[in-house]
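Worksheet: the structure to be examined is printed underneath.
There are 2 protein chains.
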Amino acid sequence: MSRTVIIIGGNAAGLSAASQVKRLQPEWEVIVYEKGSYVSYAACGMPYFIEGIVNKFTDLFELSPDTLINERKIDLRLHHEVLAVNPERKELLVKTPVKEETASFDLLLIATGAQPVVEGIRLNPAGAGRIFTLKNMEDMQELSAFLHEKKPHRCAVIGGGYIAVEMLEAFLARGLETHLVHRRDQLANTFEPEISKLILEKMRQSGIVLDLNRAAQELTEEGEKVIVRTADGELVFDFVLVATGVRPQTDFLEGSGITLGLKGAVAVNKRLQTNYPFIFAAGDCAQTTSVITGQPAYVPLAPKANKEGYIAGINIAGGQEEFPGICETAITKFADLGIARAGLTAEGAQKSGLKAIKYTFSSRSKARYYPGGNENIFSAIVIDKGNGRFLGAQLAGPTDSVKRIDLYATLIQKGITLEEAFRLDLAYAPPFAPVYDPVILAARLGRKEMEA
Amino acid sequence: MSRTVIIIGGNAAGLSAASQVKRLQPEWEVIVYEKGSYVSYAACGMPYFIEGIVNKFTDLFELSPDTLINERKIDLRLHHEVLAVNPERKELLVKTPVKEETASFDLLLIATGAQPVVEGIRLNPAGAGRIFTLKNMEDMQELSAFLHEKKPHRCAVIGGGYIAVEMLEAFLARGLETHLVHRRDQLANTFEPEISKLILEKMRQSGIVLDLNRAAQELTEEGEKVIVRTADGELVFDFVLVATGVRPQTDFLEGSGITLGLKGAVAVNKRLQTNYPFIFAAGDCAQTTSVITGQPAYVPLAPKANKEGYIAGINIAGGQEEFPGICETAITKFADLGIARAGLTAEGAQKSGLKAIKYTFSSRSKARYYPGGNENIFSAIVIDKGNGRFLGAQLAGPTDSVKRIDLYATLIQKGITLEEAFRLDLAYAPPFAPVYDPVILAARLGRKEMEA
Numbered sequence: 473m474s475r476t477v478i479i480i481g482g483n484a485a486g487l488s489a490a491s492q493v494k495r496l497q498p499e500w501e502v503i504v505y506e507k508g509s510y511v512s513y514a515a516c517g518m519p520y521f522i523e524g525i526v527n528k529f530t531d532l533f534e535l536s537p538d539t540l541i542n543e544r545k546i547d548l549r550l551h552h553e554v555l556a557v558n559p560e561r562k563e564l565l566v567k568t569p570v571k572e573e574t575a576s577f578d579l580l581l582i583a584t585g586a587q588p589v590v591e592g593i594r595l596n597p598a599g600a601g602r603i604f605t606l607k608n609m610e611d612m613q614e615l616s617a618f619l620h621e622k623k624p625h626r627c628a629v630i631g632g633g634y635i636a637v638e639m640l641e642a643f644l645a646r647g648l649e650t651h652l653v654h655r656r657d658q659l660a661n662t663f664e665p666e667i668s669k670l671i672l673e674k675m676r677q678s679g680i681v682l683d684l685n686r687a688a689q690e691l692t693e694e695g696e697k698v699i700v701r702t703a704d705g706e707l708v709f710d711f712v713l714v715a716t717g718v719r720p721q722t723d724f725l726e727g728s729g730i731t732l733g734l735k736g737a738v739a740v741n742k743r744l745q746t747n748y749p750f751i752f753a754a755g756d757c758a759q760t761t762s763v764i765t766g767q768p769a770y771v772p773l774a775p776k777a778n779k780e781g782y783i784a785g786i787n788i789a790g791g792q793e794e795f796p797g798i799c800e801t802a803i804t805k806f807a808d809l810g811i812a813r814a815g816l817t818a819e820g821a822q823k824s825g826l827k828a829i830k831y832t833f834s835s836r837s838k839a840r841y842y843p844g845g846n847e848n849i850f851s852a853i854v855i856d857k858g859n860g861r862f863l864g865a866q867l868a869g870p871t872d873s874v875k876r877i878d879l880y881a882t883l884i885q886k887g888i889t890l891e892e893a894f895r896l897d898l899a900y901a902p903p904f905a906p907v908y909d910p911v912i913l914a915a916r917l918g919r920k921e922m923e924a
Numbered sequence: 473m474s475r476t477v478i479i480i481g482g483n484a485a486g487l488s489a490a491s492q493v494k495r496l497q498p499e500w501e502v503i504v505y506e507k508g509s510y511v512s513y514a515a516c517g518m519p520y521f522i523e524g525i526v527n528k529f530t531d532l533f534e535l536s537p538d539t540l541i542n543e544r545k546i547d548l549r550l551h552h553e554v555l556a557v558n559p560e561r562k563e564l565l566v567k568t569p570v571k572e573e574t575a576s577f578d579l580l581l582i583a584t585g586a587q588p589v590v591e592g593i594r595l596n597p598a599g600a601g602r603i604f605t606l607k608n609m610e611d612m613q614e615l616s617a618f619l620h621e622k623k624p625h626r627c628a629v630i631g632g633g634y635i636a637v638e639m640l641e642a643f644l645a646r647g648l649e650t651h652l653v654h655r656r657d658q659l660a661n662t663f664e665p666e667i668s669k670l671i672l673e674k675m676r677q678s679g680i681v682l683d684l685n686r687a688a689q690e691l692t693e694e695g696e697k698v699i700v701r702t703a704d705g706e707l708v709f710d711f712v713l714v715a716t717g718v719r720p721q722t723d724f725l726e727g728s729g730i731t732l733g734l735k736g737a738v739a740v741n742k743r744l745q746t747n748y749p750f751i752f753a754a755g756d757c758a759q760t761t762s763v764i765t766g767q768p769a770y771v772p773l774a775p776k777a778n779k780e781g782y783i784a785g786i787n788i789a790g791g792q793e794e795f796p797g798i799c800e801t802a803i804t805k806f807a808d809l810g811i812a813r814a815g816l817t818a819e820g821a822q823k824s825g826l827k828a829i830k831y832t833f834s835s836r837s838k839a840r841y842y843p844g845g846n847e848n849i850f851s852a853i854v855i856d857k858g859n860g861r862f863l864g865a866q867l868a869g870p871t872d873s874v875k876r877i878d879l880y881a882t883l884i885q886k887g888i889t890l891e892e893a894f895r896l897d898l899a900y901a902p903p904f905a906p907v908y909d910p911v912i913l914a915a916r917l918g919r920k921e922m923e924a
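Line by line, the protein sequences are chains A and B. Each position in the first sequence, counted from 1, maps to that position plus 472 in the numbering used here. Each position in the second sequence, counted from 1, maps to that position plus 472 in the numbering used here.
Printed below as a string of structure tokens:
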């Protein structure tokens, strides 16, 4: 029996799902509504386009509309915005380029992603031309055009998360006088304070001006300037990028009966079903679970979106796949400093009621005598004193050293103890690691912490 | 009650153990006999000294004799060779620089390491000045002095293992016409054929002359040349490095009653005790166990030696630590090609009676559009079709991509299934990985292999 599947959102989660449904159920009708002009682009690459190391914005596209429509047989509709969902009637209200209409589905996937939040900052005027956010391709094009046409000199990034870090790198690399305006003296609390300190120090050394402990209250565009008003006076820039986080794009679901959770993200079970079993959600609009605490979590990152889309698609097509949740693994860099995290911060672990202890150490990431051997990697490790397991890890070091966060993510996710980790047979050669890899060292030092 | 601990061998395993014994039992007497002139050096760094990227040979030293003797209070005796062990009498026969003498111990650690094997090749004369091996500091100094004084132009490396690969890189980087003379058309069978092919191709492109399928039968020094005689005629070089493997340095234990195993390595239990519970063995002279098959294994690599020394030292001092064995994890590089392995080859797994299947794939190691995104990583994966677990993995790709072998080693060692691995929350950002990390991709592809 053929079914009609509607997918709201034409990016990572939505298109992964659409492709799986068509792979498994080629006869089913799969309609994707995308409210913007672009689908299937690598949003995580946008900072690097602004930086100038991705040549063409079209390089960021993964699959063309042509491939999606003609090869994958997906009924892709651009500039179609879903305004409301009626689960009882299995209907949507859709705003097409020409009218509003209803559409019926048998199965629905909500994959609308996230949108920037600008909390506690008044924008004056709201749609000012020199105040930017960066969430989608349109945002990026607008910012890029501005940089080329107006040739600004002095800018600020407001925020303390990954996008802020990456955009500071990008603007600095373009030769701009680049300020970080942030309400705290540390970056986002997803970073351990020690890691935050290392990143800020690296930024300072690289030439970023750090305007810390300065909460922006109002941004006002005046002529060719943006005035940032803070409690301690005003700062003036040629333009400002606001990167203070995102929230799920789920406003259109209010009153639909679909249960929302953390920050308004759609609540789903492990099969990615909402409270209506024929309605699924995946990606940055969907809530997930911490595999460590079992608590709800909101983590709008690409690997989750892609994997959830893949799994939701298989389940929509009749499969039985589960997504267990996330470990809060993330990685980025500022200039040549790699930064990575997995699991809980010490503070987060303590708040979850775990008997967490944190220890930090600096170690080599290559053999001492090998070129680069004097560039250290800094590790902040959180362990559970109760059972000797890893709860969290954060790394800052040479860019080629911090992908070992994946190993910590695995130790955390699979509940591997310090004792077991010390006995892992990890790879050694002078160009790649010291003979005791930093992960082995973390286990060895953690054993001492357990005894203390 | 004070004890006398004797340790035979002053390198990774021996000195790790000595340090632990003195840390835990500061009053005990710890004597280390080292037959050579040097202790505590990074043997794995020797190829990079020859290559010229480690400046001084003294950079390779970890702890000075002074530190060992005066700070760690270890009774270190250079140029002391142990000729025989008598477990019943708890005595050794030692050749000192001036005489032979007996020495008594309460506890003994055998940590004599390995020595090069030159199997099936006659050396003519035996101690020729242009035929080299590279196992210890004296070998390295001899080779280094030769290169500086004789300024040779054309050389050959005989062998197909890690040292061969690293020394080919070293000689080539020094501007020598460098040949690989090898008896097979593939490198050592520790490499999957597909990986071996990629390495050989990289060598060829880099300018190494590949003399494959040429088993050297006799090396003869004639004037300023070395003649390599093979079944297909002779090859002539200015010098030759023989890197055809190593074997445990345990000849002096013959007839002692201490049980030897694979290749003559000392057989030990998980506490690293020999058949005499007061005699321990650790490092390249000691047999270990494959954590995958449970079978005896001989793997003379530095992480094992260091960790075994550490654990043996704790146990000698009265502790209760176990070393579970190895996963055959190893890493190296040739020029800018990183090479890594963990676990079993497909052939090895099949020989062990496992229902092993192998699949290979090439994938990005960074985001497609990020600089370097077109440099692929090649993966050869072996899984157990019976239980969906990883048995082996081999990687060849950019040097900053192959340390993810540690993740495979962990999956293999801890018996994590493909299904579980697909759900690991691994780190993604464009400079570090594609959104589906190659490890996640391996799990995803492996799921299909399981169904096939």
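The beta carbon of each residue, even a glycine, is placed where N, CA and C say it ideally should be. No experiment lies behind these values; they were computed from the predicted model shown.
Residue i burial status per 10 Å Cβ neighbour count (16 or more: buried)
{"i": "V511 (chain A)", "result": "buried"}
{"i": "T574 (chain A)", "result": "exposed"}
{"i": "G679 (chain B)", "result": "exposed"}
{"i": "A971 (chain B)", "result": "Residue 971 (chain B) falls outside the range modelled here, since chain B spans only 473 to 924, and no answer is possible."}
{"i": "S668 (chain B)", "result": "buried"}
{"i": "L725 (chain B)", "result": "buried"}
{"i": "S835 (chain A)", "result": "buried"}
{"i": "E560 (chain B)", "result": "exposed"}
{"i": "Q721 (chain A)", "result": "buried"}
{"i": "K920 (chain A)", "result": "exposed"}
Under the three-state DSSP convention, the category residue i falls into
{"i": "D683 (chain B)", "result": "strand"}
{"i": "V740 (chain A)", "result": "coil"}
{"i": "T530 (chain A)", "result": "helix"}
{"i": "A514 (chain A)", "result": "coil"}
{"i": "D808 (chain A)", "result": "coil"}
{"i": "F643 (chain A)", "result": "helix"}
{"i": "I671 (chain B)", "result": "helix"}
{"i": "A865 (chain A)", "result": "strand"}
{"i": "T692 (chain B)", "result": "strand"}
{"i": "S491 (chain A)", "result": "helix"}
{"i": "P519 (chain B)", "result": "helix"}
Whole-angstrom C-beta distance between residue j and residue i, which should lie under 8 Å
{"i": "A881 (chain A)", "j": "L898 (chain B)", "result": "6 Å"}
{"i": "T650 (chain A)", "j": "V681 (chain A)", "result": "7 Å"}
{"i": "A914 (chain B)", "j": "S851 (chain B)", "result": "6 Å"}
{"i": "G844 (chain A)", "j": "I764 (chain A)", "result": "Their Cβ separation, rounded to whole angstroms, is 33 Å, which puts G844 (chain A) and I764 (chain A) out of contact at 8 Å."}
{"i": "I783 (chain A)", "j": "F795 (chain A)", "result": "5 Å"}
Neighbour list for residue i in chain B, Cβ cutoff strictly below 8 Å
{"i": "G517 (chain A)", "result": "A839, Y841, Y842 and P902"}
Chain A residues whose Cβ lies nearer than 7 Å to that of residue i
{"i": "C627 (chain B)", "result": "The contacting residues do not exist; C627 (chain B) stays about 22 Å from chain A at best."}
{"i": "Y513 (chain B)", "result": "Residues of chain A passing the Cβ test: none, with the nearest at roughly 10 Å."}
Residue i: contacting residues in chain A (beta-carbon distance under 9 Å)
{"i": "R876 (chain B)", "result": "K875, R876, D878 and L879"}
{"i": "Q587 (chain B)", "result": "Within 9 Å Cβ-Cβ: nothing; Q587 (chain B) doesn't reach chain A, min ~21 Å."}
Beta-carbon neighbours of residue i, restricted to chain B and to distances below 9 Å
{"i": "D611 (chain A)", "result": "Going along chain B, no residue has its Cβ under 9 Å from D611 (chain A), so there is no contact; the nearest lies around 17 Å."}
{"i": "Q885 (chain A)", "result": "E892, R895, L896 and D897"}
Where residue i meets chain B, residues with beta-carbon distance less than 7 Å
{"i": "Y510 (chain A)", "result": "None at all; the shortest Cβ gap to chain B is about 15 Å."}
{"i": "Y520 (chain A)", "result": "Y842 and P902"}
Return the residues of the stretch 889–916 of chain A that lie within a Cβ-Cβ distance of less than 9 Å from chain B, sorted by chain order. E892, A893, F894, R895, L896, D897, L898, A899, Y900, A901, P902, P903, F904, A905, V907, Y908, D909, V911, I912 and R916
Residues, ordered as in the chain, of the stretch 522–543 of chain A that lie near chain B by beta-carbon distance below 7 Å: I525, V526, D531 and L532
The stretch 757–786 of chain B: positions lying closer than 8 Å to chain A by Cβ: V763, L773, A774, P775, K776, N778 and K779
At a Cβ cut of 8 Å, what residues of the stretch 674–699 of chain A count as close to chain B, listed as they run along the chain? none
At a Cβ cut of 9 Å, what residues of the stretch 797–820 of chain A count as close to chain B, listed as they run along the chain? G797, I798, C799, E800, T801, A802, I803, T804, K805, G810, A812, R813 and A814
Identify each residue in the stretch 856–874 of chain B for which the Cβ-Cβ distance to at least one residue of chain A is less than 7 Å, and report them in chain order. T871 and D872
Members of the stretch 651–673 of chain A that neighbour chain B once the beta carbon cut-off is set at 9 Å: none
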